[in-house]
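**Q** I am attaching a structure below and will ask some questions about it afterwards.
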Amino acid sequence: MTNTHFGFKTVDESEKASHVRGVFDSVAPKYDLMNDLMSAGLHRGWKAYTVLVASLKEGDQALDIAGGTGDLALAFSKKVGKSGLVVHTDINEAMLSTGRNRLLDAGVVLPTLVCDAEKLPFPDNHFNVVSVAFGLRNMTHKDLALAEMNRVLKPGGKLLVLEFSKVAPPLEKVYDWYSFKVLPRLGKLIAGDDASYRYLAESIRMHPGQQELKTMMHKVGFGHVDYHNLTGGIAALHVGIKC
């Protein structure tokens, strides 16, 4: 038996995915509203910056992992045009269904697939861009997932990892207060679920910091890796180039 973390709790590796699935099954109906409230809308700017850095062009192919409610997939689809392709994936069926319906409401039809980022069902050297926004920290074997993302990218392709990260020291106390006092209460009030948002705060603290994640990306084969701190490090965008 091998253990891993689920927030601050220690669980068997085989159980983590089901715990994470339970969290996102619960939050899916209010996910977009809660994102706006808990980030004061900042997540929209972070995602817009990610789309800018992606530099997708007409005819490109992109893979959005842990795509959830489809923010990035929708934005990417506008960049690649009718001759390009965006594949929208998530391991959680409730989140993916919510995202698919949102995309359809916007008049956008994309391939939508439930899949595990640690075992991607795509050929080698296939995509120009792979993205994962606020999903990597929930994965049991982050190194395996990153290696899979590298595998499916074309040489010269770009991985974009947008994730909560380590905040600048002057922000730590107020950020901890907000994360552990305000956020669970907000989750209880709006989504009827304080436990899932307490897990969110804990999972952020257990996720590798900026430099550690950069090192992990190098180790799985990315030749060039850089990161951009967003809003004092509350989030960071890591960019890896497959050489």
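Each residue of the sequence shown is one higher than the last, beginning at 1007 in this note's numbering.
C-beta: ideal position from N, C-alpha, C; glycine also.
1. Report the rounded CA-to-CA distance for asparagine 1098 versus phenylalanine 1140, giving the unit in angstroms.
2. With respect to the alpha helix (DSSP H) encompassing aspartate 1130, which residues constitute its N-terminal and C-terminal limits?
3. What are the start and end residues of the beta strand (DSSP E) that includes asparagine 1235?
4. By Cβ distance, which residues of its chain are closer than 8 Å to glutamate 1177, with the 5 residues on each side in sequence left out?
5. Starting from the N-terminal side, write out each stretch of the alpha helix (DSSP H) that is 4 residues or longer and does not extend beyond the region 1089 to 1122.
6. What's the C-alpha gap between histidine 1174 and histidine 1213?
7. When the Cα atoms are used, what is the spatial distance from serine 1171 to alanine 1151?
8. CB-CB under 6 Å to leucine 1159, same chain, minus the five flanking residues each way: which ones, in chain order?
9. With DSSP collapsed to three states, give me the class of histidine 1224.
10. Would you kindly check if the distance between the Cβ of valine 1231 and the Cβ of alanine 1153 is under 7 Å?
11. For the region 1137 to 1218, list the alpha helix (DSSP H) runs that are entirely contained and at least 4 residues long, ordered along the chain.
12. Ordered along the chain, which non-local residues of its own chain (more than five positions away) have a Cβ less than 6 Å from that of valine 1138?
13. What is the DSSP secondary structure of leucine 1080, reduced to helix, strand or coil?
14. Any idea if alanine 1112 is buried or exposed, counting beta-carbon neighbours within 10 angstroms, 16 or more meaning buried?
**A** According to the structure data:
1. Between asparagine 1098 and phenylalanine 1140, the C-alpha separation is close to 13 Å.
2. Note, aspartate 1130: premise wrong, no alpha helix (DSSP H); not H, not E.
3. Its beta strand (DSSP E) spans residues 1228 to 1236.
4. In the sequence on display, residue 1177 carries leucine and not glutamate. Within the same chain, Gly1238, Gly1239 and Ile1240 come within 8 Å of leucine 1177 by CB-CB distance, once the 5 residues on both sides are set aside.
5. Whole alpha helix (DSSP H) segments, 4+ residues: 1099 to 1111.
6. First, the amino acid is wrong: residue 1174 is alanine here, not histidine. C-alpha separation (whole angstroms): 15 Å.
7. C-alpha separation (whole angstroms): 18 Å.
8. If you ignore the 5 residues before and after leucine 1159, its C-beta comes within less than 6 Å of the C-beta of Phe1133, Val1136 and Lys1248, all in its own chain and listed in chain order.
9. It is helical.
10. It is not a contact, given that the beta carbons lie outside the stated cut-off.
11. Fully enclosed alpha helix (DSSP H) runs of 4 or longer: 1148 to 1158, 1178 to 1183, 1189 to 1197 and 1200 to 1212.
12. Cβ neighbours of valine 1138 beyond the five flanking positions: Ile1071, Ala1072 and Val1167.
13. Leucine 1080 falls in the helix class under three-state DSSP.
14. Looking at its Cβ environment, which holds fewer than 16 other Cβ atoms inside 10 Å, alanine 1112 is exposed.
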